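**Student:**
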Amino acid sequence: GDSVTQMEGPVTLSEEAFLTINCTYTATGYPSLFWYVQYPGEGLQLLLKATKADDKGSNKGFEATYRKETTSFHLEKGSVQVSDSAVYFCALSVQAAGNKLTFGGGTRVLVKP
Amino acid sequence: DAMVIQNPRYQVTQFGKPVTLSCSQTLNHNVMYWYQQKSSQAPKLLFHYYDKDFNNEADTPDNFQSRRPNTSFCFLDIRSPGLGDAAMYLCATSREGLAAYEQYFGPGTRLTVT
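Protein chains in written order, with my numbering: chain A, 110 to 222; chain C, 796 to 909.
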């Protein structure tokens, strides 16, 4: 079956530090890949996505590249802010599975001033 | 703005007292999902509607039911809430034909069972 593995948190950083959250996947088909972010007490927001190999998704200073050869979709941001404190979920979707999302376990990120 | 709306944002119910959570969407998406999320764990899919077709996940308890009277609205009914059903409930939508099959989430309803 499909699965997503992401690094466990919490990840604690100082403001302006570099952030990397590792994500690897296994999929039976050709997946689309996503990063969702969840701020405290809120629902999930789509942060970025990629639909095919070597695509780079980017948004709000975050980037992730779809690496088919390593089955990875690592999230990076060059300079984090306190407002980036949230839980980040890596996820995949395969069309044959009815658009269902398979989530990783989530990584809590805490950015300190 | 097109969006997914969940009401109420916070719901308190008593042990064993039926409760209904609602979700509406202005995106005109044909697929709607209900998730249960505990303590910032990954959301757990309970069921989804593909148009009018209901799709239950194999491990969703019978205590959880859903209704979709039209494209815009979907309800989650918990027939006899237990303490273990206290969680955040997330509604999401998607549309057949979206290039990346992404889902759009509502803000969630936090359910407390007393």
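Think of the CB as a built atom: it goes at the ideal place given N, C-alpha and C, for glycine as much as any other residue. Keep in mind that this is a model prediction, so the values were computed, not measured.
Are residue 882 of chain C and residue 832 of chain C closer than 8 angstroms when you measure CB to CB?
**Tutor:** Sequence index remark: in the second sequence, residue 882 of chain C carries index 87 (1-based). Sequence index remark: in the second sequence, residue 832 of chain C carries index 37 (1-based). Taking 8 angstroms as the Cβ cut-off, residue 882 of chain C and residue 832 of chain C qualify as a contacting pair.
**Student:** Mind reading off the beta-carbon distance from residue 150 of chain A to residue 885 of chain C? Whole number of angstroms is fine, and I expect it under 8 angstroms.
**Tutor:** For the purposes of this step, residue 150 of chain A is taken as residue 41 along the first sequence, with counting starting at 1. For the purposes of this step, residue 885 of chain C is taken as residue 90 along the second sequence, with counting starting at 1. That belief does not hold up - the Cβ atoms of residue 150 of chain A and residue 885 of chain C are roughly 12 angstroms apart, past 8 angstroms.
**Student:** I'd like to confirm the pairing. Which residues does DSSP put opposite residue 145 of chain A in its beta bridges?
**Tutor:** As a working note, residue 145 of chain A is residue 36 in the first sequence. Looking at the DSSP assignment, residue 145 of chain A forms a beta bridge with A:155 and A:198.
**Student:** If you draw a straight line from the alpha carbon of residue 904 of chain C to that of residue 878 of chain C, how long is it in whole angstroms?
**Tutor:** Translated into positions along the second sequence, residue 904 of chain C becomes position 109. Translated into positions along the second sequence, residue 878 of chain C becomes position 83. Near 16 angstroms, if we compare the C-alpha coordinates of residue 878 of chain C and residue 904 of chain C.
**Student:** Can a CB atom of chain C be found closer than 8 angstroms to the CB of residue 169 of chain A?
**Tutor:** Numbered from its first residue, the first sequence carries residue 169 of chain A at position 60. Not one chain C Cβ lies under 8 angstroms of residue 169 of chain A.
**Student:** Could you check whether residue 190 of chain A and residue 218 of chain A sit closer than 8 angstroms to each other, using their CB atoms as the reference points?
**Tutor:** Walking along the first sequence from the start, residue 218 of chain A turns up at place 109. Walking along the first sequence from the start, residue 190 of chain A turns up at place 81. No, Cβ-Cβ distance for residue 218 of chain A and residue 190 of chain A is not below 8 angstroms.
**Student:** Report the three-state DSSP secondary structure of residue 906 of chain C (helix, strand or coil).
**Tutor:** Within the second sequence, residue 906 of chain C is the residue found at index 111, counting from 1. Of the three classes helix, strand and coil, the one that applies to residue 906 of chain C here is strand, per DSSP.
**Student:** My assumption, with CB atoms under 8 angstroms, is that residue 165 of chain A sits in contact with residue 174 of chain A. Please give the rounded CB distance.
**Tutor:** For this step, residue 165 of chain A is matched to residue 56 along the first sequence. For this step, residue 174 of chain A is matched to residue 65 along the first sequence. Confirmed, about 5 angstroms.
**Student:** If distances are taken between C-alpha atoms only, which option among C:848, C:839 and C:863 comes closest to residue 856 of chain C?
**Tutor:** Stepping through the second sequence from its first residue, residue 856 of chain C is reached at position 61. Of C:848, C:839 and C:863, the residue nearest in Cα terms is C:839.
**Student:** In the structure shown, what three-state DSSP assignment does residue 854 of chain C receive?
**Tutor:** Residue 854 of chain C sits at position 59 when you count from the first residue of the second sequence. Note: residue 854 of chain C maps to coil in three-state DSSP.
**Student:** Helix, strand or coil for residue 826 of chain C? Go by DSSP, reduced to three states.
**Tutor:** Working through the second sequence from its first residue, we reach residue 826 of chain C at position 31. Strand at residue 826 of chain C.
**Student:** For residue 141 of chain A versus residue 184 of chain A, is the C-beta spacing smaller than 8 angstroms?
**Tutor:** In the first sequence, residue 141 of chain A corresponds to position 32, counting from 1. In the first sequence, residue 184 of chain A corresponds to position 75, counting from 1. Their beta carbons are not under 8 angstroms apart, which means residue 141 of chain A does not touch residue 184 of chain A by this criterion.
**Student:** Roughly how many angstroms lie between the CA atoms of residue 803 of chain C and residue 899 of chain C, to the nearest whole one?
**Tutor:** Start at 1 with the first residue of the second sequence, and residue 803 of chain C comes out as number 8. Start at 1 with the first residue of the second sequence, and residue 899 of chain C comes out as number 104. Using only the alpha carbons, I get a separation of about 18 angstroms.
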